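In this note's numbering, the protein residues as written are 5 to 265. Following: one structure in structure tokens, then a few remarks.
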């Protein structure tokens, strides 16, 4: 368990037992049953390249150890809320759109018109509307990607609210405390923007949701939206923060807290 836990953290969070809203459908006892489906949940529906091997310091969610961490975590509610909407980014620079679509769907916000009549959902394409395309077009994102500030404005344009925090203006303890508050709140989700090579992964800057936390090992569960690159995995908090505390233009990378407006 980590040292120096901030005093500002709510008492229920400090004890590692957040008060989950049972009306939202999350009960810790349900995790055991749902985890038995973990491998099938992340199995591709169409043939895709075999994911790259994870670095030794990360723990695959689908491994026995990874499943045990999730099963014992009192901060696993967001996994149950986000996993049904997990998608794989459609192009190398589309981690931002994939993450946005996941979070907006998990918040049950209203998708744009024409999103489908049976089960309308946000997609990596329909988040580009005339309003959001004025911020950054689909073609621009395809070639240049999307930073946290642009991601936040897309979320805002679709009825959500995103609070961006850059790592250079934060600390590991502050990030951890904020993350635990978000993970204990069924109305908000946490998204990290980080530099892959710092985690000894291939690639450059990347964005994905954080879905759970294990207090004993001080690890966060990353639901990587590049499923052809890496499977969902547990990463040490200090390693993740270090990967966020890297330059990306005029600011460092960091994280965003996403909720409904």
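Ideal Cβ placement from N, Cα and C applies to all residues, glycine included. Since this is a predicted model, take the numbers as computed values, not measurements.
Residue 193: member of the beta strand (DSSP E) spanning 192-199, first to last residue.
In the DSSP assignment, residue 209 falls within the unbroken beta strand (DSSP E) covering 209-218. Contact annotation, residue 83 with residue 216: C-beta distance approximately 5 Å; criterion of less than 8 Å satisfied. Residue 62 is a Cβ neighbour of residue 237, given a cutoff of 8 Å. Taking every protein chain shown into account, the CB of residue 253 has fewer than 16 other CB atoms within 10 angstroms, so this residue is exposed. Residue 118 has its alpha-carbon roughly 40 Å from the corresponding atom of residue 172. Each of 77, 169, 54 and 134 was checked against the Cα of residue 158, and the nearest Cα belongs to 134. The C-beta of residue 257 has 16 or more other C-beta atoms within 10 Å across all chains shown, which makes the residue buried. Secondary structure note for residue 239: its beta strand (DSSP E) is the uninterrupted segment 237-240. Under the three-pair Cβ rule at 8 Å, the stretch 162-178 does not count as touching the stretch 199-210. Between the stretch 69-76 and the stretch 217-235, the count of C-beta pairs closer than 8 Å reaches three or more; the two stretches touch.
For the pair of segments examined, the stretch 141-149 was found to touch the stretch 86-100: the number of CB pairs separated by less than 8 Å reaches three. DSSP places residue 82 inside the alpha helix (DSSP H), whose first and last residues are 81-86. Residue 167 has 261 as its beta-bridge partners, per DSSP. Around the CB of residue 249, 16 or more other CB atoms lie within 10 Å, so the residue is classed as buried. Non-local beta-carbon contacts of residue 165 in its own chain, meaning distances under 6 Å to residues more than five positions away in sequence, involve 263 and 265 in chain order. Residue 259 is a Cβ neighbour of residue 195, given a cutoff of 8 Å.
For the options 197, 55 and 176, the alpha carbon positioned closest to that of residue 214 is the one of 197.
The three-state secondary structure of residue 187, taken from DSSP, is helix. In this chain, residue 62 is not harboured by any beta strand (DSSP E), its DSSP state being neither H nor E.
Here residue 112 is exposed, its C-beta having fewer than 16 other C-beta atoms within 10 Å. Inter-residue distance for residue 186 and residue 54 is about 32 Å (C-alpha atoms, whole angstroms).
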